[in-house]
Amino acid sequence: IFSLGAELEQAIRHYPKERPQTFRVGVSDALPKSLAYRLLEPAVALGEPVRIVCREGRLERLLSELAVHRLDLVIADTPLPVTLDVRAFNHRLAESGMSFVASPPLAARCKEVFPACLASLPLLVPGEDSSSRQKLMRWLEKARIRPKIVGEFDDSALMTAFGQAGVGVFPVPTIIEEEIVAAYGVQVLGRSPEARTEYYAISAERRVTHPCVLAIAESARTRFVQ
Numbered sequence: 109i110f111s112l113g114a115e116l117e118q119a120i121r122h123y124p125k126e127r128p129q130t131f132r133v134g135v136s137d138a139l140p141k142s143l144a145y146r147l148l149e150p151a152v153a154l155g156e157p158v159r160i161v162c163r164e165g166r167l168e169r170l171l172s173e174l175a176v177h178r179l180d181l182v183i184a185d186t187p188l189p190v191t192l193d194v195r196a197f198n199h200r201l202a203e204s205g206m207s208f209v210a211s212p213p214l215a216a217r218c219k220e221v222f223p224a225c226l227a228s229l230p231l232l233v234p235g236e237d238s239s240s241r242q243k244l245m246r247w248l249e250k251a252r253i254r255p256k257i258v259g260e261f262d263d264s265a266l267m268t269a270f271g272q273a274g275v276g277v278f279p280v281p282t283i284i285e286e287e288i289v290a291a292y293g294v295q296v297l298g299r300s301p302e303a304r305t306e307y308y309a310i311s312a313e314r315r316v317t318h319p320c321v322l323a324i325a326e327s328a329r330t331r332f333v334q
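Position in the sequence shown (first residue = 1) + 108 = the working numbering.
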């Protein structure tokens, strides 16, 4: 009995005193990964232990997971679509214009000023379901620019990989422009403050109570002003 008691005491001593709180979040595949991290960073930086579980995919699938409480939050570049029969609530996190970047060899081919140069260079764009794609195409039409679109990507990371390789110019949110330039060695051709995209946290509850979601929403109010 005494031996068993000693073993139990030893086990309790080494057992974690605070079990981490699990935070399950879905990230739309259209969202740039650097921006997704910056939006979620406050949850990781909480004083209490947190285990973050990230799921990436199409917005419709993520929202269906949110509806049955398999996710605590969804991060996307669009609010909850009115066409979806899902009870959820939008929380606006950030807004940004677009920056257009290219690999150095491709940027060297730019002979005209921005944005006219986009008409003579290959362009990579987000997939049709992306809100940023719609904002981009409207801005191009308003500016009377007809670019040569050479690639469409649902996954922002794949678009970035093609862009880094010099396949085409690609748009990124201006709020993460410096990070993209530093990480991928690309150059900025120009910026469009008018082609603005909003970013949302979508939750199953109107009044947010999860500490991770609260931290994300509170931080976004002061960090992301563009």
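Ideal Cβ positions, reconstructed from N, Cα and C, are used throughout, including at glycine. Keep in mind the model is a prediction, meaning the values are calculated, not measured.
- Rounded to whole angstroms, the Cβ separation of R314 and F222 is 42 Å, and the two are not in contact under 8 Å.
- Each residue's CA atom was taken as its position, placing L171 and E220 some 43 Å apart.
- By the beta-carbon neighbour count (other beta carbons within 10 angstroms, threshold 16), S311 is buried.
- Here R304 carries a strand assignment [DSSP, helix/strand/coil].
- Minimum Cα-Cα distance from P140 among the listed residues I253, P281, Q129 and E306 corresponds to P281.
- In summary, P128 is exposed, with fewer than 16 beta-carbon neighbours lying within 10 Å of its beta-carbon over all protein chains present.
- Within the model, the alpha-carbon separation for L143 versus G165 is close to 16 Å.
- In the DSSP secondary-structure assignment, S311 is bridged to F197.
- Taking a 10 Å sphere around the C-beta of A138, we find 16 or more other C-beta atoms and assign the residue as buried.
- Within its own chain, the residues whose Cβ lies closer than 8 Å to the Cβ of R178, once the five positions on either side in sequence are excluded, are R132, listed in chain order.
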